[in-house]
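*Asks:* Structure incoming, see below.
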Amino acid sequence: MPVARRETCDGRVIAHVDMDCFYVQVEQRKQPSLRGLPTAVVQYNSYKGGGLIAVSYEARKCGVKRSAVSL
Numbered sequence: 002m003p004v005a006r007r008e009t010c011d012g013r014v015i016a017h018v019d020m021d022c023f024y025v026q027v028e029q030r031k032q033p034s035l036r037g038l039p040t041a042v043v044q045y046n047s048y049k050g051g052g053l054i055a056v057s058y059e060a061r062k063c064g065v066k067r068s069a070v071s072l
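The numbering used here puts the last residue of the sequence shown at 72; the count rises by one with no breaks.
Here it is, written out as structure tokens:
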């Protein structure tokens, strides 16, 4: 991915990180058999249920979307 650079530098670095996919990528690193497959990570709360907190790009192509978890 190309990196945009400014002519002047004020010491700041700005990075865009897709945290929506981060937890899926952690699981795919731990379990390589999940790589390339539609994958989602669920956060479960015993008294409120669960919700999808991360969705892989493959799962997004299948129409799966992240859902908020009520705390």
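Quick reminder that beta carbons are idealized off the backbone N, C-alpha and C, glycines included.
#1: Applying the 10 Å Cβ sphere with the 16-neighbour rule, what's the burial state of Ser34?
#2: In angstroms, rounded to a whole number, what distance separates the CA positions of Tyr24 and Tyr58?
#3: Nearest to Ala41 by alpha carbon, out of Lys66, Val18, Asp19?
#4: Could you compute how far the alpha carbon of Asp11 sits from the alpha carbon of Lys49?
#5: Here's the rule I'm using: 16 or more other beta-carbon atoms within 10 Å means buried, otherwise exposed. How should Ala55 be labelled?
*Replies:* Looking at the coordinates:
#1: exposed
#2: 12 Å
#3: Nearest C-alpha to Ala41: Lys66.
#4: 46 Å
#5: Per the 10 Å Cβ criterion, buried.
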